[in-house]
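Chemist:
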Amino acid sequence: MQNLKSILNLVSGILFGLFVAAVIWVVSRNPSGQAVTLRPAPTEKPIIVHITGAVPRPGVYALPKGARVQDVISAAGGFLAEAEKETINLARTLEDGERLDIPYMEGFSPVIPTAIPELVTSGSDEDLVNINTALAFELESLPGIGPALAQRIIEYRNANGPFLSTEDIINVPGIGPGTYERIKDLITVGE
Numbered sequence: 005m006q007n008l009k010s011i012l013n014l015v016s017g018i019l020f021g022l023f024v025a026a027v028i029w030v031v032s033r034n035p036s037g038q039a040v041t042l043r044p045a046p047t048e049k050p051i052i053v054h055i056t057g058a059v060p061r062p063g064v065y066a067l068p069k070g071a072r073v074q075d076v077i078s079a080a081g082g083f084l085a086e087a088e089k090e091t092i093n094l095a096r097t098l099e100d101g102e103r104l105d106i107p108y109m110e111g112f113s114p115v116i117p118t119a120i121p122e123l124v125t126s127g128s129d130e131d132l133v134n135i136n137t138a139l140a141f142e143l144e145s146l147p148g149i150g151p152a153l154a155q156r157i158i159e160y161r162n163a164n165g166p167f168l169s170t171e172d173i174i175n176v177p178g179i180g181p182g183t184y185e186r187i188k189d190l191i192t193v194g195e
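The sequence shown begins at 5 in my numbering and counts up one residue at a time.
This is the structure we're talking about:
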């Protein structure tokens with residue numbers, strides 16, 4: 005009987021050894037199949053939209069793909085009071101390279117500055133841009149002043165009151181001595 009027990013123990017040991025060897029062989033062999041290379045998810049290119057017309061900050065905006073008309077209007081500061089809102093489909097999806105014109109109400113005609121070179125040559129106070137009363141598009145007619153800076157000038161003026169001298173415009177964030185030198189002969193604070 006003891007002989008039988010010894011044989012069973014020996015067979016069990018051999019079977020266990022074969023099982024361990026099989027597991028080691030399966031784990032250590034080279035994987036079959038192709039290697040998988042992980043790449044970062046592609047980022048979508050933004051769409052570029054040009055908005056004009058009855059908005060406070062017309063211009064070119066980069067928006068995520070799938071953006072709607074309401075998104076670019078928000079980016080441009082919303083509608084002006086004179087905007088013809090009823091004709092605009094705010095839910096329409098925008099396309100890359102699109103130009104969107106927000107119409108003015110019927111009978112309203114925006115004042116658009118014309119001969120900017122006359123501002124430089126004339127020199128009279130009537131031709132200068134009054135930084136205490138100018139609208140954004142008038143400020144944008146000055147060299148080096150774009151939509152963002154024009155908006156900052158208006159916000160500064162609204163928060164701090166009128167400019168007392170033309171030099172005070174340097175206090176507006178983004179306007180330094182270089183910009184002031186380019187515009188000082190083109191601006192006034194009025195009387």
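Backbone N, C-alpha and C fix where the C-beta goes; we use that ideal spot for every residue, glycine too. Computed from a predicted model, the values in this text were never measured in an experiment.
Less than 8 Å between the CB atoms is what I'm expecting for residue 96 and residue 155, so what's the real figure, rounded?
Modeler: Contact doesn't hold; Cβ gap of about 26 Å is too wide.
Chemist: How would you call residue 161, buried or exposed, if buried means at least 16 neighbouring beta carbons within 10 angstroms?
Modeler: Looking at its Cβ environment, which holds 16 or more other Cβ atoms inside 10 Å, residue 161 is buried.
Chemist: Going by DSSP in three states, residue 178 sits in which element: helix, strand or coil?
Modeler: DSSP places residue 178 in coil when its eight states are reduced to three.
Chemist: Around the C-beta of residue 137, are 16 or more other C-beta atoms found within 10 angstroms, so that it is buried, or is it exposed?
Modeler: Per the 10 Å Cβ criterion, exposed.
Chemist: My output table needs one value for residue 137: the three-state DSSP class, helix, strand or coil.
Modeler: Three-state DSSP puts residue 137 in coil, outside helix and strand.
Chemist: What's the call for residue 25, buried or exposed, on a 16-neighbour Cβ count within 10 Å?
Modeler: By the neighbour-count rule (16 or more Cβ atoms within 10 Å), residue 25 is not buried but exposed.
Chemist: Look up residue 92 in the DSSP assignment and say whether it is helix, strand or coil.
Modeler: Residue state, collapsed to three classes: coil.
Chemist: Under a three-way DSSP split, which group does residue 100 fall into?
Modeler: Residue state, collapsed to three classes: coil.
Chemist: Determine the DSSP secondary structure at residue 143, reduced to helix, strand or coil.
Modeler: Residue state, collapsed to three classes: helix.
Chemist: Ordered along the chain, which non-local residues of its own chain (more than five positions away) have a Cβ less than 7 Å from that of residue 120?
Modeler: Summary for residue 120: the model assigns pLDDT 42, below 50, so the residue's position carries little reliability, and this model does not support an answer.
Chemist: Is residue 63 helix, strand or coil when you go by DSSP?
Modeler: Strand at residue 63.
Chemist: Output the boundary residues of the alpha helix (DSSP H) element that contains residue 17.
Modeler: Start and end: 6 to 32.
Chemist: Using 8 Å as the threshold, is the C-beta distance between residue 157 and residue 133 below it?
Modeler: Taking 8 Å as the Cβ cut-off, residue 157 and residue 133 do not qualify as a contacting pair.
Chemist: Measure the C-alpha to C-alpha separation of residue 107 and residue 93 and round it to an integer number of angstroms.
Modeler: Straight-line Cα distance between these residues: approximately 12 Å.
Chemist: Let me check one thing: in DSSP terms, what residues is residue 87 bridge-paired to?
Modeler: According to DSSP, which records beta bridges pairwise, residue 87 is partnered with 108.
Chemist: Do you know offhand how far residue 253's Cα is from residue 80's?
Modeler: In the structure as shown, the chain starts at 5 and stops at 195, and residue 253 therefore has no counterpart that could be examined.
Chemist: Quick check: the Cα distance between residue 141 and residue 48, rounded to an integer number of angstroms?
Modeler: Taking the straight line from one Cα to the other gives about 33 Å.
Chemist: Using the three-state DSSP reduction, which class does residue 157 fall into: helix, strand or coil?
Modeler: Looking at residue 157 - three-state DSSP - the assignment turns out to be helix.
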